[in-house]
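Just so you know, our numbering puts 241 at position 9 of the sequence shown, and the rest follows in order with no gaps.
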Amino acid sequence: MFLDRDGVLNAVVMRDGKPASPRRPEEFVLESGVEDALGRLHAAGLKLFVVTNQPDVSRGLMDDAALDAMHRTLRERLPIAEIACCRHDDAQGCACRKPKPGMLLDLATRWDLALAKSVMIGDQDRDMACGRAAGCATIQLARPYNSGAGAQHRVADLAAAVAIILQQLGSSIAA
Ligand SMILES: [Mg+2]
Ligand SMILES: [Zn+2]
Numbered sequence: 233m234f235l236d237r238d239g240v241l242n243a244v245v246m247r248d249g250k251p252a253s254p255r256r257p258e259e260f261v262l263e264s265g266v267e268d269a270l271g272r273l274h275a276a277g278l279k280l281f282v283v284t285n286q287p288d289v290s291r292g293l294m295d296d297a298a299l300d301a302m303h304r305t306l307r308e309r310l311p312i313a314e315i316a317c318c319r320h321d322d323a324q325g326c327a328c329r330k331p332k333p334g335m336l337l338d339l340a341t342r343w344d345l346a347l348a349k350s351v352m353i354g355d356q357d358r359d360m361a362c363g364r365a366a367g368c369a370t371i372q373l374a375r376p377y378n379s380g381a382g383a384q385h386r387v388a389d390l391a392a393a394v395a396i397i398l399q400q401l402g403s404s405i406a407a
């Protein structure tokens with residue numbers, strides 16, 4: 233299970249009318265229901281990975297210490313196996329910045345994951361493109377700023393995404 237961070241696990245910060253990442257630990261607020269939702273996936277035996285773009289580090293708008301503090305909070309409160317984080321901006325041409333699938337491919341190699349049986353959950357269209365490029369199923373959380381383009385499922389919230397995953401897990405076990 234691959235989870236985008238901003239807009240999925242924690243609330244986005246709106247800047248200039250666009251959803252953006254928190255830059256200071258005080259701005260980092262978990263969405264309600266996230267602990268319960270991830271707890272249910274974890275209890276079902278799924279490994280949970282966070283895959284997040286944080287270009288504000290390269291842009292000089294956020295320092296590594298602030299980002300590390302936010303990720304410490306995530307690891308303390310949620311049953312996450314690993315947080316993969318791209319700190320680059322477009323100009324650096326890295327292989328990890330979503331919609332490129334680099335973070336998913338790397339995690340799959342190191343954790344021996346079957347990408348065809350994995351799911352990418354995100355809010356942005358680029359999360360869906362990233363999941364598709366890696367060969368995963370895709371679920372988008374519907375927001376005013378996204379379109380559903382290219383997503384296999386579009387649902388209201390993380391709890392609804394978890395329900396789909398647990399249902400499919402149940403049917404594949406039954407089959
Ligand atoms: Mg996001
Ligand atoms: Zn990168």
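Just so it is clear, CB atoms sit at the ideal spot from N, CA and C, and this is done for glycine as well.
**Item:** Exposure of V261, with buried meaning 16 or more beta-carbon neighbours within 10 Å
**Value:** Under the 10 Å beta carbon count, V261 is surrounded by fewer than 16 other beta carbons and is classified as exposed.
**Message:** Does the beta-carbon of Q372, which I'm using as the reference point, lie nearer than 7 Å to any heavy atom of ligand 1?
**Reply:** no
**Identity of the residue in I312, E308, K349 nearest V283 by Cα** = I312
**Prompt:** Applying the criterion that 16 or more other CB atoms from any shown protein chain within 10 Å of the CB defines a buried residue, is L293 buried or exposed?
**Reply:** exposed
**Request:** Can you tell me which of the three DSSP states H320 falls into?
**Result:** coil
**Message:** So, with DSSP's three-state summary, where would you put R386?
**Reply:** strand
**Message:** Can you determine whether any heavy atom of ligand 1 sits closer than 7 Å to the C-beta of D288, and answer yes or no?
**Reply:** No, ligand 1 has no heavy atom inside 7 Å of this Cβ.
**Asked** When the Cβ atoms of the stretch 329 to 346 are set against those of the stretch 296 to 303, are three or more pairs found closer than 8 Å?
**Response** no
**Message:** Considering only heavy atoms of ligand 1, does any lie closer than 7 Å to the CB of Q356?
**Reply:** yes
**Prompt:** Can you name the residues that DSSP bridges to F234?
**Reply:** F281, M352
**Prompt:** Which word fits S379, buried or exposed, when buried means at least 16 other C-beta atoms lie within 10 angstroms of its C-beta?
**Reply:** It counts as exposed.
**Candidates N242, D248, G265, S264, of which the one nearest P254 by Cα** = The closest CA to that of P254, considering only N242, D248, G265, S264, is found on N242.
**Request:** Would you be able to state if there are at least three C-beta pairs under 8 Å between the stretch 337 to 351 and the stretch 359 to 371?
**Result:** Because the criterion of three Cβ pairs below 8 Å is met, the stretch 359 to 371 and the stretch 337 to 351 touch.
**Request:** With DSSP as the reference, label L398 as helix, strand or coil.
**Result:** helix
**Message:** Are the CB atoms of R375 and G249 within a distance shorter than 8 Å?
**Reply:** no
**Asked** Alpha carbon to alpha carbon, how far is R309 from H303?
**Response** 10 Å
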